[in-house]
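Notes follow once the structure below has been shown.
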Amino acid sequence: MGLEDLEDEEKKLCYDALDKEGFGARTKRRAFLSLEDAELRDAGISRASVRKVLRLAMASAAGLGVGSAAGVGAAAGVGTTRAGDAGAATGLGVGSAPGDGLPSYYQRFLGLLSLGNITKPNPAVLAAITRRCAARLMVLPDCDAAVDLYREAQLFPGPSTEGHLLTQLGLTVNGPLFPNPADGPASLLVGATNDGSPVVVKLLGGVGAAGAQQPGGAEAEACRALMESKPAAVPLVPARIVTFELGNDHVSIVGRAPGLHAVICMPRYVSSLASMVQLPAAVLAGGRRMVAALEWIHDKTYIHMDVKADNIFVDPKGRWWLGDFGSAVRKGSPVTSTTTWFAPRKLLGLPAEPQYDWHMLAVALVAECNRKSWKELLVEDGCSPAKNLIAAVKELHGRDGCAELARFLNDELLTRAGCSAALP
Numbered sequence: 001m002g003l004e005d006l007e008d009e010e011k012k013l014c015y016d017a018l019d020k021e022g023f024g025a026r027t028k029r030r031a032f033l034s035l036e037d038a039e040l041r042d043a044g045i046s047r048a049s050v051r052k053v054l055r056l057a058m059a060s061a062a063g064l065g066v067g068s069a070a071g072v073g074a075a076a077g078v079g080t081t082r083a084g085d086a087g088a089a090t091g092l093g094v095g096s097a098p099g100d101g102l103p104s105y106y107q108r109f110l111g112l113l114s115l116g117n118i119t120k121p122n123p124a125v126l127a128a129i130t131r132r133c134a135a136r137l138m139v140l141p142d143c144d145a146a147v148d149l150y151r152e153a154q155l156f157p158g159p160s161t162e163g164h165l166l167t168q169l170g171l172t173v174n175g176p177l178f179p180n181p182a183d184g185p186a187s188l189l190v191g192a193t194n195d196g197s198p199v200v201v202k203l204l205g206g207v208g209a210a211g212a213q214q215p216g217g218a219e220a221e222a223c224r225a226l227m228e229s230k231p232a233a234v235p236l237v238p239a240r241i242v243t244f245e246l247g248n249d250h251v252s253i254v255g256r257a258p259g260l261h262a263v264i265c266m267p268r269y270v271s272s273l274a275s276m277v278q279l280p281a282a283v284l285a286g287g288r289r290m291v292a293a294l295e296w297i298h299d300k301t302y303i304h305m306d307v308k309a310d311n312i313f314v315d316p317k318g319r320w321w322l323g324d325f326g327s328a329v330r331k332g333s334p335v336t337s338t339t340t341w342f343a344p345r346k347l348l349g350l351p352a353e354p355q356y357d358w359h360m361l362a363v364a365l366v367a368e369c370n371r372k373s374w375k376e377l378l379v380e381d382g383c384s385p386a387k388n389l390i391a392a393v394k395e396l397h398g399r400d401g402c403a404e405l406a407r408f409l410n411d412e413l414l415t416r417a418g419c420s421a422a423l424p
């Protein structure tokens, strides 16, 4: 089978790919379809260009449902396994064809974006990804992960915004704090102040220059309220809200409009609890610090609503600090976001109550003592119901060296969450 045997729609995909590579002339099209070395050489088309055009055409075929990626690959003598498997069909899963040297992860990424219907990615966003997320780019499993990475990178500050952060706030920002999204939120960026102090930066929303409201939305409002008059002993991440202005001449690659914008600036910790090795012995001391943090939040009439290991940060002395106020709402206000695995039931839209925070903290601490099996122990229908949490605390009570921790979980957390275990 040769490329001449392709269906008209499949040929059109190849022609479109040829046009993108600058081989749109009729003689070049004829040489490409023949795949004869002599004709390709006379037309100035290298074998590497042929492979690139084929990958583009096959990616389009798989993504658009026109013809079949397998059909294009078979016509060209490129083996495929499943038409729907874009990585295999385009050769993108393994990089370049044999003899090309190292895999072209960048081309693979572009192919995956194409399958995710991002056919004209912004060059500035792509440059930010290669500069800040190269390791993650190399191991993307599918087009969904590629699109997620692209959308996250769209939120990174562009060159103009970076310049304003430096000149107005003395902040230099770099890539994400957690290159692996499983370790923490991609919205947190590594930065430094003018004096060289390491910080973590999170860009929030803005308001028009003439707007009366404060920039940053609900997260900035919660942060301001929780930091007001906070004693140093309260183990909340000492975050501060700073603002910078984008003038009418500002050009943004990610749609940041002129106006006043907010930034959360906080110290950079050694790690999040989720990235630490399992340390059951530290759970009791860390849990007591989290109780103090939640008591302060509740005294301010706020509910955190996202207590979990990802949002607990660990300093060089091993002390835990509770952060990330993106889900925090006033007591009694509707819950707008949470991590359902840690909640007793589906909570979105329900009035926020302190008992939810206590339940989620108990789940987080039990999970630290059962890193490999906590979901099997606790999660049911996507949540961690009270009955499963009680059973897990009872099991901990019978475990060597964990009786004091189990008693703390029961007396300090489960009781406040509206449930308790009958411990001996």
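Every letter in the sequence shown is one number past the one before it in the UniProt record's numbering, and letter 245, counting from 1, is 245.
The beta carbon of each residue, even a glycine, is placed where N, CA and C say it ideally should be.
Taken atom to atom, the span from the alpha-carbon of V329 to that of Q107 is near 43 Å. As a beta-bridge residue in DSSP terms, T243 pairs with A262. Here the stretch 391-399 makes no contact with the stretch 261-270; the two share fewer than three CB pairs at distances below 8 Å. Sixteen is the threshold: since fewer than 16 other Cβ atoms of the shown chains lie within 10 Å of the Cβ of T167, the residue is exposed.
Pairing L171 with K317, the inter-Cα distance amounts to about 26 Å. In the structure shown, L409 adopts helical secondary structure according to DSSP, grouped into three states. DSSP, read as helix, strand or coil, puts C223 in helix.
Comparing alpha carbon positions, the residue from A220, A403, E245 and A421 closest to A239 is A220.
Judged by their CB atoms, G206 and L189 are not nearer to each other than the 8 Å cut-off. Boundaries around V190 are those of the beta strand (DSSP E), L189 to T193, since no alpha helix (DSSP H) includes it. Rounded to the nearest angstrom, the gap between the Cα atoms of C265 and K300 is 21 Å. Linking P121 to D148 through their CA atoms gives a straight-line distance of about 13 Å. Assignment of beta-bridge partners to G206 by DSSP yields H261.
Following the DSSP letters along the chain, one finds I312 inside the beta strand (DSSP E) bounded by residues I312 to V314.
At a cut-off of 4 residues, the continuous stretches assigned as alpha helix (DSSP H) that sit fully inside the stretch 314-386 are 354-369 and 374-378. P344 sits close to A386, with the two beta carbons spaced by under 8 Å. Segment contact: the stretch 216-233 against the stretch 295-310, three or more CB-CB distances shorter than 8 Å; contact assigned. In the three-state reduction of the DSSP assignment, L423 falls in the coil class.
Here V200 really is in contact with L177; their C-beta atoms are around 5 Å apart, less than 8 Å. For L236, the beta-bridge partners assigned by DSSP are L322. Taking the CA atoms as reference points, A403 sits about 25 Å from F313. Annotated three-state conformation of Y302 is strand, per DSSP. When the Cα atoms are used, V379 and E395 turn out to be separated by approximately 16 Å.
The bridge partners DSSP lists for V201 are L189 and C265. Residue environment analysis places S114 among the buried positions, since at least 16 neighbouring C-beta atoms fall within 10 angstroms of its C-beta. Scanning L348, D324, M305 and A134 for the CA closest to the CA of Q355 turns up M305.
If you draw a straight line from the Cα of W321 to the Cα of Q278, it is about 17 Å long. In the structure shown, G217 adopts helical secondary structure according to DSSP, grouped into three states.
Here the alpha carbon of D400 sits roughly 34 Å from the alpha carbon of K346. Judged by their CB atoms, C383 and P280 are not nearer to each other than the 8 Å cut-off. Between K202 and V263 a beta carbon distance of about 7 Å is seen, short of the 8 Å cut, so the two are scored as contacting. Its Cα nearest to that of L126, the residue Y150 stands out among A233, L236, R136 and Y150.
Sequence-distant Cβ neighbours of V363 in its own chain, meaning closer than 7 Å and more than five residues away, are F342, L378, S384 and L389. In the three-state DSSP reduction, T130 falls in the helix class (H, G or I). Straight-line spacing of the CA atoms in S420 and R319 works out to 27 Å. Nearest C-alpha to A134 among S104, T415 and G287: S104.
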